[in-house]
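4 protein chains.
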Amino acid sequence: MIWNLHGTHARAGDLAQLVGLRHKNFIFPLVEGGEYHTHRGIVRHDDLIGLPWGTQVFSHTGAAYFLLQPSLADLLLSLKRNTQILYPKDIGFILTTMGIGPGMTVLEAGTGSGSMTIALAYAVGAEGKIISYEVRPEMQNLASKNLSRLGLLERATLHLGDIGQGIAETDVDAFFLDVPNPYDYIPQVRGALKPGGFFCGLVPTVNQVAELLHALRRNKFAFIEVCEVLLRYYKPEPLRLRPTDRMVAHTGFLTFARRIEPGEDPRGAALMAEQNVDKTEGE
Amino acid sequence: MIWNLHGTHARAGDLAQLVGLRHKNFIFPLVEGGEYHTHRGIVRHDDLIGLPWGTQVFSHTGAAYFLLQPSLADLLLSLKRNTQILYPKDIGFILTTMGIGPGMTVLEAGTGSGSMTIALAYAVGAEGKIISYEVRPEMQNLASKNLSRLGLLERATLHLGDIGQGIAETDVDAFFLDVPNPYDYIPQVRGALKPGGFFCGLVPTVNQVAELLHALRRNKFAFIEVCEVLLRYYKPEPLRLRPTDRMVAHTGFLTFARRIEPGEDPRGAALMAEQNVDKTEGE
Amino acid sequence: MIWNLHGTHARAGDLAQLVGLRHKNFIFPLVEGGEYHTHRGIVRHDDLIGLPWGTQVFSHTGAAYFLLQPSLADLLLSLKRNTQILYPKDIGFILTTMGIGPGMTVLEAGTGSGSMTIALAYAVGAEGKIISYEVRPEMQNLASKNLSRLGLLERATLHLGDIGQGIAETDVDAFFLDVPNPYDYIPQVRGALKPGGFFCGLVPTVNQVAELLHALRRNKFAFIEVCEVLLRYYKPEPLRLRPTDRMVAHTGFLTFARRIEPGEDPRGAALMAEQNVDKTEGE
Amino acid sequence: MIWNLHGTHARAGDLAQLVGLRHKNFIFPLVEGGEYHTHRGIVRHDDLIGLPWGTQVFSHTGAAYFLLQPSLADLLLSLKRNTQILYPKDIGFILTTMGIGPGMTVLEAGTGSGSMTIALAYAVGAEGKIISYEVRPEMQNLASKNLSRLGLLERATLHLGDIGQGIAETDVDAFFLDVPNPYDYIPQVRGALKPGGFFCGLVPTVNQVAELLHALRRNKFAFIEVCEVLLRYYKPEPLRLRPTDRMVAHTGFLTFARRIEPGEDPRGAALMAEQNVDKTEGE
Numbered sequence: 000m001i002w003n004l005h006g007t008h009a010r011a012g013d014l015a016q017l018v019g020l021r022h023k024n025f026i027f028p029l030v031e032g033g034e035y036h037t038h039r040g041i042v043r044h045d046d047l048i049g050l051p052w053g054t055q056v057f058s059h060t061g062a063a064y065f066l067l068q069p070s071l072a073d074l075l076l077s078l079k080r081n082t083q084i085l086y087p088k089d090i091g092f093i094l095t096t097m098g099i100g101p102g103m104t105v106l107e108a109g110t111g112s113g114s115m116t117i118a119l120a121y122a123v124g125a126e127g128k129i130i131s132y133e134v135r136p137e138m139q140n141l142a143s144k145n146l147s148r149l150g151l152l153e154r155a156t157l158h159l160g161d162i163g164q165g166i167a168e169t170d171v172d173a174f175f176l177d178v179p180n181p182y183d184y185i186p187q188v189r190g191a192l193k194p195g196g197f198f199c200g201l202v203p204t205v206n207q208v209a210e211l212l213h214a215l216r217r218n219k220f221a222f223i224e225v226c227e228v229l230l231r232y233y234k235p236e237p238l239r240l241r242p243t244d245r246m247v248a249h250t251g252f253l254t255f256a257r258r259i260e261p262g263e264d265p266r267g268a269a270l271m272a273e274q275n276v277d278k279t280e281g282e
Numbered sequence: 000m001i002w003n004l005h006g007t008h009a010r011a012g013d014l015a016q017l018v019g020l021r022h023k024n025f026i027f028p029l030v031e032g033g034e035y036h037t038h039r040g041i042v043r044h045d046d047l048i049g050l051p052w053g054t055q056v057f058s059h060t061g062a063a064y065f066l067l068q069p070s071l072a073d074l075l076l077s078l079k080r081n082t083q084i085l086y087p088k089d090i091g092f093i094l095t096t097m098g099i100g101p102g103m104t105v106l107e108a109g110t111g112s113g114s115m116t117i118a119l120a121y122a123v124g125a126e127g128k129i130i131s132y133e134v135r136p137e138m139q140n141l142a143s144k145n146l147s148r149l150g151l152l153e154r155a156t157l158h159l160g161d162i163g164q165g166i167a168e169t170d171v172d173a174f175f176l177d178v179p180n181p182y183d184y185i186p187q188v189r190g191a192l193k194p195g196g197f198f199c200g201l202v203p204t205v206n207q208v209a210e211l212l213h214a215l216r217r218n219k220f221a222f223i224e225v226c227e228v229l230l231r232y233y234k235p236e237p238l239r240l241r242p243t244d245r246m247v248a249h250t251g252f253l254t255f256a257r258r259i260e261p262g263e264d265p266r267g268a269a270l271m272a273e274q275n276v277d278k279t280e281g282e
Numbered sequence: 000m001i002w003n004l005h006g007t008h009a010r011a012g013d014l015a016q017l018v019g020l021r022h023k024n025f026i027f028p029l030v031e032g033g034e035y036h037t038h039r040g041i042v043r044h045d046d047l048i049g050l051p052w053g054t055q056v057f058s059h060t061g062a063a064y065f066l067l068q069p070s071l072a073d074l075l076l077s078l079k080r081n082t083q084i085l086y087p088k089d090i091g092f093i094l095t096t097m098g099i100g101p102g103m104t105v106l107e108a109g110t111g112s113g114s115m116t117i118a119l120a121y122a123v124g125a126e127g128k129i130i131s132y133e134v135r136p137e138m139q140n141l142a143s144k145n146l147s148r149l150g151l152l153e154r155a156t157l158h159l160g161d162i163g164q165g166i167a168e169t170d171v172d173a174f175f176l177d178v179p180n181p182y183d184y185i186p187q188v189r190g191a192l193k194p195g196g197f198f199c200g201l202v203p204t205v206n207q208v209a210e211l212l213h214a215l216r217r218n219k220f221a222f223i224e225v226c227e228v229l230l231r232y233y234k235p236e237p238l239r240l241r242p243t244d245r246m247v248a249h250t251g252f253l254t255f256a257r258r259i260e261p262g263e264d265p266r267g268a269a270l271m272a273e274q275n276v277d278k279t280e281g282e
Numbered sequence: 000m001i002w003n004l005h006g007t008h009a010r011a012g013d014l015a016q017l018v019g020l021r022h023k024n025f026i027f028p029l030v031e032g033g034e035y036h037t038h039r040g041i042v043r044h045d046d047l048i049g050l051p052w053g054t055q056v057f058s059h060t061g062a063a064y065f066l067l068q069p070s071l072a073d074l075l076l077s078l079k080r081n082t083q084i085l086y087p088k089d090i091g092f093i094l095t096t097m098g099i100g101p102g103m104t105v106l107e108a109g110t111g112s113g114s115m116t117i118a119l120a121y122a123v124g125a126e127g128k129i130i131s132y133e134v135r136p137e138m139q140n141l142a143s144k145n146l147s148r149l150g151l152l153e154r155a156t157l158h159l160g161d162i163g164q165g166i167a168e169t170d171v172d173a174f175f176l177d178v179p180n181p182y183d184y185i186p187q188v189r190g191a192l193k194p195g196g197f198f199c200g201l202v203p204t205v206n207q208v209a210e211l212l213h214a215l216r217r218n219k220f221a222f223i224e225v226c227e228v229l230l231r232y233y234k235p236e237p238l239r240l241r242p243t244d245r246m247v248a249h250t251g252f253l254t255f256a257r258r259i260e261p262g263e264d265p266r267g268a269a270l271m272a273e274q275n276v277d278k279t280e281g282e
């Protein structure tokens, strides 16, 4: 079954999360008769099944936990992974900016550990479709397991292969490109994306951004925006409220663009040139 | 019909966006036989219907435009409104952190111009449900029109009333609270939210955050996080790449929490106290 | 006489600042018998001379002002200028990082409107010395006037010329380089700087930073650091405390380095390579 | 003798810094006949004296180091301390905003480990004067040692005592207040500061900022500004240029104000109220 955030009480088959001291947390599916062994004692699944979510429970040694539905962010952070995962701050902004919602078809490359694949598959719902390319068999295998665990594998088509060799799909609604050399694949991206479709590329360095901008312009993309999302946490102490001492300062640069069908008319060329400059100034 | 981002070609009934010089843009539904009057000439709808999205078009005076499907962000920014709207940077992070996806039931107060209502209704899909409270009839009316325009009204139940008087709904999956005095309604929020459910409150000042933190703790919420999302744009010039000169520095503080069912056991009280401190340090 | 921030009462010869409604402010020297014409009436200098600084005064039409010693930041922002000036946030960090203080000798290129020249000349005091190169005669002239107005011209030697043609000075303590192509002058910078001396370059784009890094490494600079200073203001309302809505998001990137005298020994080469990587991670 | 950044070659009596692998660094005074024992071998002072600064040197076991004049930032970070020190990013902005330069008289409370005292004493030069109050004898003792080591003690008058009991000095040019409860001392600050003088307070939490704002307004301070300085480092790799992964997100909030002498005239009261609102918006 598909992981979801519905339901008020823990049932067999649900993914459950136990959170203990020092934010130690465990995520596992509830199975009748099962046991979960924490560092601080055993919790029997049958004691959890039927409880309201959010309930305080105890291991056999008396260690306290809260029983929760794991959030999407918790799940993504708990993935088995060999690579950098995407951060919720970036995922949220990518989904909203590209308007990813129920029923959409989205192409992704590369799959990696499948964290973005999961977020996309969750957002497009049962009527949507994710197609994801990956060149490394072991990564594809890992992503497949991660998707299965959440019941999202049926919404995803995982291709093993290099998008430089061509992409079978056409007219997808949106394309998310997370590879080290995105600038090498923009003609293929254009071919797979529908007219007017949404593009997002994620890269860590400014050098990659600059190359990607060149490639997007050469391949008739416009409405280009480059940005970073920064997340600043506060210590939630009402009498001593202040930002945390340290923060994640950088995960990657997001580059958004739209596939455009310009004609030969020079008036349109001027318009297109203008669309790629300064739109975001002062926003 | 429901606004969507599917489809490769403009059809009658679709919401279309024309983008011209200086990023001037217009959003309107395509109607057979219709005309759109821009500042720089008339565009006939029949000339647009049937074109691939992204196509360059011209007004009768020769002004160039691109024909696009409006993005969610474009639609939110184009809403008729009397109040501050939410920014996509905040919306995306709220949706991802609370795991808002297809099929969920979400309660909101207040409705305002309906920008968050729209984002929520879009994300939960046809199987989901948004309930939104608002005390000002004129705002509710405006939100209703804004939702209708996108075909999303049927997913939303708009209540006219003060949540301080009580909330009819119970066991909703998530609660988004966007009122000036959120700390006054936390008992009602708790009553409406399912066990373990997700809470998010948005306020502009640190004074409000501090009061909200007090109210959440008194009402048995835990896993409290306070944060801000900052978005930094770059001028997309590959040879002169640099951040824009100015940026939006503040929209609001986001406070997230989970409804928790602690028992009387003192071991659990210690756990709960700990959950509200420092979880985010260094993340 | 030299502008200073000593003294408790306004005297003839002092630079004075009048600040009125909407932060309108005027900076001028006090002259016996003088008059200052504001948009909202005349203020007679003789009515100001002898007053304690900070006193509330009125024009002949009754408009209220405060009489202040202009701060360094106020003076820099009030300079007659043809170019971008440096912001106090950057100036302060540059001075502290390079340890600019009384008695130092600092070389600057280019002079521009003289805002950094003024900040440097103020910081090094009467025993210090600033040498500043500029290729545009009209800019040098403007900088000269700006320095004169504050009585700081005698601490500065203004050269008209291109540092690419050579720099007469040697063994200066610190070098501040604010030109569009700093990477073209690093051999000359090295020649002018004393062994172990401090370098700082200011450029607006990441492309320039990358080229500057190459040039510094080729010319035996180490301890390289690249950073940005961001300043976030809050609305100073104690009951509604929050960040301002907008902020300056970018002025420039600062690149700091030290002139190093490496030998031929390969152990030293390894050390030097390491000094240029990652020193700042997590700081 | 006074630590300085003049001189091209290491001399006996100079403070020297050796920087080795992994940025391990040592700061010590050069003494004829002395030896410095690093983890990786011994360096003889006589081998360093007479060398140009920046020279690569080796310990008796062959470990490579660079010999440098320690920067102000290096010295501040190397102080023996029992308390939080100020960061160069904050120090630089405080000095520039208050216009601290040669010849000024500055009052500080509390002294702490003396890091700000050192920065102030360095900036005001031999003609300037720092007066610093501290209630804890052991901290005053530590600050005294730290100032002595740099030859700056003669520019500082260290008082042991509580400024709540009164401040002997009057008419100081600027006042830096770094105590947990600055709002309790604003009448005393006003008494010590000259008319129109500069105030800066540093506190870590927003609650303290709010209380400080109340106290400043009650005590006739105006031109109030609240801000934070954020420093973002980049990895200095020209082919893979990007921000560091993590950063210091918060040290403290800076609150600046000027002592004002308002009269009884209601026009001036309006002006004063206005000076404390919104000046910084959009700057």
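First to last, the protein sequences are chains R, P, F and V. First residue of the first sequence: 0, per numbering that gives the first Met the number 0; consecutive thereafter. First residue of the second sequence: 0, per numbering that gives the first Met the number 0; consecutive thereafter. First residue of the third sequence: 0, per numbering that gives the first Met the number 0; consecutive thereafter. First residue of the fourth sequence: 0, per numbering that gives the first Met the number 0; consecutive thereafter. Beta carbons are placed, not taken as given, at the ideal position from N, Cα and C, and that holds for glycine. Everything numeric in this text was worked out from a predicted model, so none of it was measured.
Asked, Found
"Would DSSP call Asp89(R) helix, strand or coil?", "helix"
"Would Met103(V) and Ala173(V) qualify as a contact pair, given that the criterion is a beta-carbon distance under 9 Å?", "yes"
"Going by DSSP, what residue range makes up the beta strand (DSSP E) through Gln68(F)?", "It is not in any beta strand (DSSP E) - Gln68(F) carries neither H nor E in the DSSP assignment."
"Applying the criterion that 16 or more other CB atoms from any shown protein chain within 10 Å of the CB defines a buried residue, is Asp13(R) buried or exposed?", "buried"
"Going along the chain, which residues of its own chain have a beta-carbon closer than 6 Å to the beta-carbon of Gln68(P), five neighbours each way excluded?", "Leu4 and Trp52"
"Quick test of your reading: Gly160(V) and Gln187(V), contact by CB under 8 Å. State the CB separation rounded to the nearest angstrom.", "So it is not a contact: roughly 11 Å between Cβ atoms."
"Find the residues of chain F that neighbour Phe65(V), judging by a C-beta separation of less than 9 Å, and give them in chain order.", "Gly195, Ala221, Phe222, Arg257, Ile259, Glu260, Pro261, Gly267, Leu270, Met271 and Gln274"
"Between the stretch 257-266 of chain V and the stretch 55-66 of chain F, can you find at least three pairs of beta-carbon atoms closer than 8 Å?", "yes"
"Taking only runs that begin and end inside the stretch 81-153 of chain R, name each unbroken alpha helix (DSSP H) of 4 or more residues, in chain order.", "87-97, 114-123 and 136-148"
"If you draw a straight line from the alpha carbon of Gln274(R) to that of Thr254(R), how long is it in whole angstroms?", "14 Å"
"Report yes or no: do the stretch 116-136 of chain V and the stretch 94-113 of chain F share at least 3 C-beta pairs separated by less than 8 Å?", "yes"
"I believe Gly19(V) touches Ala63(V) by the beta-carbon criterion, under 8 Å. Please report the beta-carbon distance rounded to the nearest angstrom.", "7 Å"
"Spell out the partners DSSP gives Leu192(R) in its beta bridges.", "Val171(R)"
"To the nearest angstrom, report how far apart His8(P) and Arg80(R) are at their CA atoms.", "39 Å"
"Identify the contact partners of Ala248(P) in chain F, using a Cβ-Cβ distance below 7 Å as the criterion.", "Arg231, Pro242, Thr243, Asp244, Arg245 and Met246"
"For Tyr233(R), which of Glu227(R), Cys226(R), Val225(R) and Pro242(R) has the nearest alpha-carbon?", "Pro242(R)"
"Going by the CB atoms, is the gap between Leu94(P) and Thr95(R) shorter than 9 Å?", "yes"
"For Ile26(F), write down the residues that DSSP places opposite it in a beta bridge.", "Gln16(F)"
"Note the first and the last residue of the continuous beta strand (DSSP E) segment covering Glu224(F).", "Phe220 to Lys234"
"So with Cβ pairs under 9 Å, would you call Cys199(P) a contact of chain R?", "no"
"By the criterion of Cβ-Cβ separation under 7 Å, what are the contact partners of Pro203(F) in chain P?", "Arg241"
"I want to see whether chain F comes within less than 9 Å of Gly281(V), judged by CB atoms only; does it?", "Since pLDDT at Gly281(V) reaches only 40, below the 50 mark, its modelled position is unreliable, and no value is offered."
"Under 8 Å, with one C-beta from each stretch per pair, do the stretch 224-240 of chain P and the stretch 203-217 of chain R reach the 3-pair mark?", "yes"
"Looking at chain P, is there any beta carbon in it that lies within less than 9 Å of the beta carbon of Gly91(R)?", "yes"
"Asn180(R) versus chain F: which residues are under 8 Å apart at the beta carbon?", "Chain F residues near Asn180(R): none, gap ~18 Å exceeds 8 Å."
"Just grab the DSSP bridge partners of Pro51(R) for me.", "His8(R)"
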